[in-house]
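S.K.:
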Amino acid sequence: MPVDLVLFDCDGVLVDSEVLSARVLADEATALGRPLSPEDCLDRFTGISMAAVRSMIEADLGQPLPPDFEARIRAADERAFARQLRPIEGVEAAIRALDCRRCVASSGSPEKMRFTLGLTGLLPLFEPHLFSASMVARGKPAPDLFAYAARQMRVPPAACLVVEDSVAGVTAAVAAGMDVLGFAGGAHCRDGYASMLQRAGARMTFERMAQLPALVARGR
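Counting along the sequence shown from 1, when you hit position 89 you're at 144 in the working numbering, and nothing is skipped either side.
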């Protein structure tokens, strides 16, 4: 079946942000009494919403985090991104080569998406079609976000293709009845990452964005 809509995750697919965010989160959580390494954060929290991250850390601590926790993370992320964030290599050319519609469906907030995509020059390729987990009842790995984005774009799930870099995201796409490609080319992707995405349900994995237009053109 031809692909009518490509739904991109943002962090780790469009912008190479996962390692930077993991360092920030590890520092903030450790300072609050829950020691975590960046590797711990990548293993536990990649692909899920900040609200879910907060709940998990609070469960670990057995007490609520400070009310300004998310604001502190957001500010620290923005400082790190301003210094070091880059787009995934080759992603702009790959997006421009697509001959179908596209949108972003991310666990990040709309503000974070606009900041990171704006910083890397990718925002004009997607705006206004930016969909966040904050817009639905349940974030990834539930299918709600992808289903919501497809409804807003007026494309049936069977004509959608999701590009994801996380187990939570792949799981959500499969649950939404969508085809999904696993991207294993970000800085956070370690040995065995592609196999992990395939076990979660990705039909195929790839490591270079230059491969994407041909994969989309093949259809489901």
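All C-beta atoms in this analysis are idealised placements derived from N, C-alpha and C, irrespective of residue type, glycine included.
Among ASP82, PRO196, SER221, SER110, which one has its Cα closest to the Cα of ALA131?
M.R.: Ranking ASP82, PRO196, SER221, SER110 by Cα distance to ALA131 puts ASP82 first.
S.K.: At which residues does the beta strand (DSSP E) containing ALA160 begin and terminate?
M.R.: Element bounds for ALA160: 156 to 161.
S.K.: Return yes when the Cβ of LEU216 is within less than 8 Å of the Cβ of VAL58, no when it is not.
M.R.: For VAL58 and LEU216, yes; Cβs fall inside 8 Å.
S.K.: Does the segment 214 to 233 touch the segment 58 to 73, meaning 3 or more C-beta pairs lie closer than 8 Å?
M.R.: A contact exists between the segment 58 to 73 and the segment 214 to 233.
S.K.: Whole alpha helix (DSSP H) runs in the segment 111 to 179 with 4 or more residues, listed along the chain?
M.R.: Here the runs fully enclosed are 124 to 139, 146 to 152, 165 to 174.
S.K.: Have a look at GLY237 and ILE143 and give me their C-alpha separation to the nearest angstrom.
M.R.: Spanning the two alpha carbons is a distance of roughly 14 Å.
S.K.: Hey, quick one: how far does the alpha helix (DSSP H) through GLU46 stretch, first residue to last?
M.R.: The first residue shown for the chain is 56 and the last is 275, placing residue 46 beyond what the model contains.
S.K.: Who are the near neighbours of ALA230 in its chain, counting only those whose CB is closer than 6 Å to its CB and skipping five residues on each side?
M.R.: The residues are PRO198.
S.K.: Let's see if you can read the secondary structure: which residues bound the beta strand (DSSP E) around ASP234?
M.R.: First-last of the beta strand (DSSP E) with ASP234: 234 to 238.
S.K.: Please report how far the alpha carbon of MET233 lies from the alpha carbon of ARG151, in whole angstroms.
M.R.: Those two C-alpha atoms are separated by around 22 Å.
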